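Residue 61 is where the sequence shown starts when you use our numbering, and the numbers rise one by one after that.
Glycine residues also receive a C-beta, built at the ideal position from the N, C-alpha and C atoms.
Being a predicted model, the structure only gives us computed values, none of them experimental.
As structure tokens, the structure follows; a few thoughts come after it.
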Amino acid sequence: MVRDGAGAGLIGRRIECQSLEGLLTKARAGQSGVLVVRGEAGIGKSELLNYLLDHATGCRIVRAAGVQSEMELSYAGLHQLCAPLLSQLDDLPEPQQNALRTAFGLQVGDVPDRFLVGLATLSLLAGAVGNEPLVCLVDDAQWLDHVSAQTLQFVARRLLAESVLLVLAVRESGPPEFFPDLPEMALRGLTERESRRLLDSVITGPLDERVRDRIVAETHGNPLALLELPRGLTAVEMAGGLTGFKTRPLSSQIESGFLRRIQSLPAETQEFLLLAAAEPVGDVALLRRAAERLGISVSTAESDAEASGLATFGTWVRFRHPLVRSAAYRAAGFEQRQQVHRALAESIDVHVDPERHVWHLASATTGPDEAVAAELEGSAGRAQARGGIAAAASFLQRATELTPDPVHRGPRALAAAQAKYQAGAFDPARELVDAAELSHLDGPQSAQAMLLRGQIMSASKSASAGLPLLLKAARRLQPFDAKLSRETYRDAVYAALTAGRLASGGVRDVAEAVLSAPAVTRTATPEDLLLTGLAQVIVEGYTVGAPVLLQAVAAFSANELTPAEGLGWLPLVCRMAHTTWDFKAWSELSARLVDLARGTGALTVLASSLLLRLSNRVFAGDLRGADSLVAEANAIGEATGSSFFAHYGALVVEPFKGRESTTRQAIEALARDRLLQHEGKVTTATEWASAVLYNGLGRYEDAYVSAERGCENPQELGLSLQSRVELVEAAARLGRTTRAAEAARTIEEMAQASGTDWALGVSAATRALVSEGRTADDLHREGIEHLDRSHARMDSARARLRYGEWLRSQQQAADARAWLSEAHEMLSEAGAGAFAERARRELQASGAKVDKRSPVAPAVLTQKEAEIARLAEEGFTNPEIGARLFISPHTVEWHLRKVYAKLGISSRKEISLVRSDGMAATP
Numbered sequence: 061m062v063r064d065g066a067g068a069g070l071i072g073r074r075i076e077c078q079s080l081e082g083l084l085t086k087a088r089a090g091q092s093g094v095l096v097v098r099g100e101a102g103i104g105k106s107e108l109l110n111y112l113l114d115h116a117t118g119c120r121i122v123r124a125a126g127v128q129s130e131m132e133l134s135y136a137g138l139h140q141l142c143a144p145l146l147s148q149l150d151d152l153p154e155p156q157q158n159a160l161r162t163a164f165g166l167q168v169g170d171v172p173d174r175f176l177v178g179l180a181t182l183s184l185l186a187g188a189v190g191n192e193p194l195v196c197l198v199d200d201a202q203w204l205d206h207v208s209a210q211t212l213q214f215v216a217r218r219l220l221a222e223s224v225l226l227v228l229a230v231r232e233s234g235p236p237e238f239f240p241d242l243p244e245m246a247l248r249g250l251t252e253r254e255s256r257r258l259l260d261s262v263i264t265g266p267l268d269e270r271v272r273d274r275i276v277a278e279t280h281g282n283p284l285a286l287l288e289l290p291r292g293l294t295a296v297e298m299a300g301g302l303t304g305f306k307t308r309p310l311s312s313q314i315e316s317g318f319l320r321r322i323q324s325l326p327a328e329t330q331e332f333l334l335l336a337a338a339e340p341v342g343d344v345a346l347l348r349r350a351a352e353r354l355g356i357s358v359s360t361a362e363s364d365a366e367a368s369g370l371a372t373f374g375t376w377v378r379f380r381h382p383l384v385r386s387a388a389y390r391a392a393g394f395e396q397r398q399q400v401h402r403a404l405a406e407s408i409d410v411h412v413d414p415e416r417h418v419w420h421l422a423s424a425t426t427g428p429d430e431a432v433a434a435e436l437e438g439s440a441g442r443a444q445a446r447g448g449i450a451a452a453a454s455f456l457q458r459a460t461e462l463t464p465d466p467v468h469r470g471p472r473a474l475a476a477a478q479a480k481y482q483a484g485a486f487d488p489a490r491e492l493v494d495a496a497e498l499s500h501l502d503g504p505q506s507a508q509a510m511l512l513r514g515q516i517m518s519a520s521k522s523a524s525a526g527l528p529l530l531l532k533a534a535r536r537l538q539p540f541d542a543k544l545s546r547e548t549y550r551d552a553v554y555a556a557l558t559a560g561r562l563a564s565g566g567v568r569d570v571a572e573a574v575l576s577a578p579a580v581t582r583t584a585t586p587e588d589l590l591l592t593g594l595a596q597v598i599v600e601g602y603t604v605g606a607p608v609l610l611q612a613v614a615a616f617s618a619n620e621l622t623p624a625e626g627l628g629w630l631p632l633v634c635r636m637a638h639t640t641w642d643f644k645a646w647s648e649l650s651a652r653l654v655d656l657a658r659g660t661g662a663l664t665v666l667a668s669s670l671l672l673r674l675s676n677r678v679f680a681g682d683l684r685g686a687d688s689l690v691a692e693a694n695a696i697g698e699a700t701g702s703s704f705f706a707h708y709g710a711l712v713v714e715p716f717k718g719r720e721s722t723t724r725q726a727i728e729a730l731a732r733d734r735l736l737q738h739e740g741k742v743t744t745a746t747e748w749a750s751a752v753l754y755n756g757l758g759r760y761e762d763a764y765v766s767a768e769r770g771c772e773n774p775q776e777l778g779l780s781l782q783s784r785v786e787l788v789e790a791a792a793r794l795g796r797t798t799r800a801a802e803a804a805r806t807i808e809e810m811a812q813a814s815g816t817d818w819a820l821g822v823s824a825a826t827r828a829l830v831s832e833g834r835t836a837d838d839l840h841r842e843g844i845e846h847l848d849r850s851h852a853r854m855d856s857a858r859a860r861l862r863y864g865e866w867l868r869s870q871q872q873a874a875d876a877r878a879w880l881s882e883a884h885e886m887l888s889e890a891g892a893g894a895f896a897e898r899a900r901r902e903l904q905a906s907g908a909k910v911d912k913r914s915p916v917a918p919a920v921l922t923q924k925e926a927e928i929a930r931l932a933e934e935g936f937t938n939p940e941i942g943a944r945l946f947i948s949p950h951t952v953e954w955h956l957r958k959v960y961a962k963l964g965i966s967s968r969k970e971i972s973l974v975r976s977d978g979m980a981a982t983p
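Right, dumping it as structure tokens:
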């Protein structure tokens, strides 16, 4: 005989229990903790969670469990965990409130950005602490829906000083697949001695020693197997008549043991367990309603199921082990499963939970059924509005399978493909596009299918790979949907500019297609002007297209845009403002784009917006402001698992500081990034950065080589054009006047077409480098006047430096000192170290005395501390800093306390009293 092993205790888990107790102690002391408990089925993960639950006295507990059949329902697992805390939603910042409410289906709204949902979850958990720590337990986390798992991983990486303990149990015995890079506890089997002790704790009758040895050997120390496998043995087998175990995997043997126990129960009890297994939420009230529909005696079935030890029924159903659930479902035949799913569907209020209702209804349907397919399509729309792209894709895919009419099947397959693409499931998306094209698609739908193929190719391979399809799609869409056609041309242009020199065909093909497209309206819209002007710059030359681009940029600056329009068009508009040297518009529009992305929670757009903005701040001479934007972009990069933002931000900022090692690190990191090997703009950006760095350091030969490479492909615009400015400076200093003059003439042509102060100032300043005598002097002064009006302060400071250097070479030491002094002050204030050092050396050479600051050792802050100190100095509150850096307000406060101690101050008001040279950040 076998007794219930519930009282056996946790044999062989002393070290693991001590580790859990240590995490609880830290949580009570104000620290946060994260642990992923990994191991095979039955190894004891759930028991360790129960141990933690029993010992978490004085703590607030929230729990959730992943369910395999619920993996398609987005945010279901996260909602289960956060449900007890939702009364505190009102305490969150409004964008975070709205993100969680929409994700959980509590309100209708725009699709929430998943990173904003992650930040809202972090804030909600941290805010729930109060006077007692919060312990979050998640069992079977491998079965969480994808976005819930992503969100919890995001939260786990940011818990630090909130008194929150998050423990996730994952069924996994090989290399970590779920929640990688988090602290983990890998559970192994019990020792032979421990296994015998556990086995003996549940055996009440005689057990032959050879049988005991065989059980211990076959179970490999798996506690659940040791407890459950003997239940399948007869008294004769236990006494010595055992003929041998099956050679199936251990989990299969355990499940078979559960299956035998289920099949020994009364038929009504088996059906009741099947109901519980088919409904992943485990709502007992729902199960009782469905059971009554099936004519089951609920009280008797519940009592029998609990007496078996296989499940408990409180407010929620809890199976003894997930294998019990799968065994209960497997025990039933196909028709019986259908009957149960139909009863559940009919028992769910369609107005309260339409998605779960239709999912059960679809599971009860075998053949084509238009009514069910239409319901699935409607549920997909609701799921997508909550940010559940993966769930929407699954609903649409099932709707496609159940659609009898090819006329409806094609569009549904196309919609399912779109959702799969948005969810990052590129291979299934391609297959669904294939299915859509085998069904009936009209002209617009066929064009949309081609557009989707192009988008999938661009996302899954490279920017250049999808270009031909995007172009074909834009042409095909023209007669049916001018707006979508224009947006497709926009995306194709952006992809081509990104691919740059590495694209086959490339940006010129896109530009020619834009110019050949028929006009849609008599009056050109700002979008039309933008695309036309850009195409003209590429095909017909800068002087033809720049005036049209300037007109487009001005129109976007003056017009009000919807959030969708702003997020879609402003990134390209900002790039074109830079290209046309419209510094005022670039400054205003990049700030507007960042504010829009922050305000709407569009964090994926925010990352690229920050890079556009920080480039602008660098040219404005605001390197501290740029550093703050780099920190925010880095935080998004950490959240998304992308190092690109950190490296690209450093690539733009570090060269002006003259930091060769960090600039080279960023360049090398981008060059090694496999995902960027097909993006030519990265090549141009790294060469431009090298040219700026070496011009600052006075290594003009190196600067010349890099600048030549940087301006090899002027069709990339932006930094390719800026590389030409660096080329003039390097070539002039090396005495290569012919090449310098040639580049200066090109810049002058652009300046005449642009007519902005920034363009005219850069043109005059570069022409001064290839001129002599009075002409050079006049051009230097003219350039500085224009640049001062443009507010491109970095270029204005560098123009003063070059003018001072020229004056000293002309033996005009007194005048040189005046201009060099201004340059030194401006460049030092900006933090442009190498250029400031160049100015200092020139000042000394001109006979000036340059004051050196006393060498006071700066307080060394970590990078995160420096970022937080900078934002606090700028007046941001702890919640605002947390929102920007994707950490909780508690963690912000914890970092600030360390900043105060290191700087010898007591409040954020005093941070501004510590000069920037009194703080240094570790790399």
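Please name the residue in M854, A852, E244, R862 whose C-alpha comes closest to that of L839.
Proximity to L839 across M854, A852, E244, R862 peaks at R862, based on C-alpha coordinates.
For W203 and P340, I'd like the C-alpha separation in whole angstroms.
Their Cα atoms are separated by approximately 11 Å.
Can you tell which of S223, V171, F455, L160 has the C-alpha that lies nearest to the C-alpha of N191?
The candidate whose alpha carbon is nearest that of N191 is S223.
Considering only the beta carbon of each residue, do L880 and R860 sit closer than 9 Å?
By the CB criterion at 9 Å, L880 and R860 fall inside the cutoff.
Can you list, in chain order, the residues of its chain with a C-beta nearer than 8 Å to that of L591? Leave out the 5 residues immediately preceding and following it.
The residues R546, Y549, R550, V553, V574, in chain order, have a CB closer than 8 Å to that of L591 in the same chain once the five nearest residues on each side in sequence are set aside.
Suppose you measure from the CA of F214 to the CA of P607; what does that come to, to the nearest Å?
Each residue's Cα considered, the two are about 46 Å apart.
Thinking just about the alpha-carbon of each residue, which of V358, A337, S814, R877 is nearest to the one in A1021?
Summary: the structure shown does not reach residue 1021, with the chain confined to residues 61 through 983, and so no result is reported for it.
Are the Cβ atoms of H638 and G758 separated by less than 9 Å?
No, these two residues do not count as a Cβ contact at 9 Å.
Spatial neighbours of L109 within its chain, please: C-beta separation below 7 Å, excluding the five flanking residues on both sides.
Around L109: L197, D199, V227, A229.
Which of helix, strand or coil does DSSP assign to V189?
In this structure, DSSP gives V189 a state outside helix and strand, which the three-state scheme calls coil.
Could you check where the beta strand (DSSP E) with R987 kicks off and where it finishes?
Residue 987 is absent from the structure shown; the chain starts at 61 and stops at 983.
Rounded to a whole number of angstroms, what is the C-alpha to C-alpha distance between L462 and H280?
Answer to the nearest angstrom: the Cα atoms are 45 Å apart.
Pick from R868, L903, N676: whose alpha carbon is nearest that of A852?
With distances taken between Cα atoms, A852 lies closest to N676.
Among A811, A813, A825, which residue has its Cα nearest to the Cα of A800?
Checked all of A811, A813, A825; the closest Cα to A800 is A825.
For the beta strand (DSSP E) containing G99, list its first residue and its last residue.
From DSSP, the beta strand (DSSP E) with G99 extends over 93-99.
Assign R308 to buried or exposed, taking buried as 16 or more other Cβ atoms, counted over all protein chains shown, within 10 Å of its Cβ.
Note that R308 has pLDDT 49, beneath the 50 cutoff, so the model's placement of it is unreliable and the number below is only indicative. Burial call: exposed.
Going by DSSP in three states, R218 sits in which element: helix, strand or coil?
Coil.
Give the DSSP-derived three-state secondary structure of L197 in the structure shown.
Three-state result, L197: strand.
When the cut-off is 9 Å and only beta carbons count, does T798 lie next to chain B?
Going by chain labels, chain B is absent from the structure shown, which holds only one protein chain.
Excluding the five sequence neighbours on either side, which residues of its own chain have a C-beta within less than 8 Å of the C-beta of P915, listed in chain order?
Residue placement at P915 is poorly supported in this model, since its pLDDT is 40, which falls under 50; the coordinates still yield a value, given next. Nothing meets the Cβ criterion.
State the start and end residues of the unbroken alpha helix (DSSP H) segment that holds A336.
For A336, the enclosing alpha helix (DSSP H) starts and ends at 327-338.
Are L354 and L335 touching if we call contact CB-CB under 9 Å?
With respect to L335, L354 sits close: the two C-beta atoms are nearer than 9 Å.
Can you look up A392 in the DSSP assignment and give me helix, strand or coil?
In the structure shown, A392 sits in coil (DSSP, three-state: anything other than H, G, I, E or B).
Considering just the uninterrupted stretch of the beta strand (DSSP E) at R796, what are its terminal residues?
Careful: R796 lies outside any beta strand (DSSP E) and carries neither H nor E.
So the beta strand (DSSP E) L228 belongs to, where does it begin and stop?
From DSSP, the beta strand (DSSP E) with L228 extends over 224-231.
Spatial neighbours of G685 in its chain, beta-carbon cut-off 7 Å, leaving aside the 5 residues before and after
Excluding sequence neighbours, G685 sits near R677.
Neighbour-count burial assignment, E437, 16 or more Cβ in a 10 Å radius:
Classification for E437: buried.
Own chain residues within Cβ distance below 7 Å of C634, not counting five before or after
Hits under 7 Å: W646, L649, S650, L653, L672.
Residue ranges of each beta strand (DSSP E) run of no fewer than 3 residues wholly in the segment 431-513, ordered along the chain?
Qualifying beta strand (DSSP E) stretches: none in this window.
Between L219 and the rest of its own chain, which residues show a CB-CB distance below 7 Å, the 5 nearest in sequence each way excluded?
When the five nearest sequence neighbours on each side are left out, the beta carbons in the same chain lying within less than 7 Å of the beta carbon of L219 are those of S92, V94, L226, in order along the chain.
Jot down the residue ranges of each uninterrupted beta strand (DSSP E) in the segment 608-687, minimum 3 residues, whole runs only, in chain order.
Taking only runs of at least 3 residues, no beta strand (DSSP E) segment lies wholly in the segment 608-687.
Going along the chain, which residues of its own chain have a beta-carbon closer than 7 Å to the beta-carbon of R513, five neighbours each way excluded?
Cβ within range, chain order: V493, L529.
Given this structure, state the Cα-to-Cα distance separating R120 from L84, to the nearest angstrom.
Rounded to the nearest whole angstrom, the CA to CA distance from R120 to L84 is 12 Å.
Taking only the alpha-carbon atoms, compute the straight-line gap between G601 and D817 and give it to the nearest angstrom.
Their Cα atoms are separated by approximately 21 Å.
Report all residues from its chain with a CB closer than 6 Å to the CB of P382; omit the five preceding and five following residues, and keep chain order.
Around P382: D200.
Determine whether the beta carbon atoms of I103 and L319 lie at a separation below 9 Å.
Cβ distance not < 9 Å, so I103 and L319 don't count as in contact.
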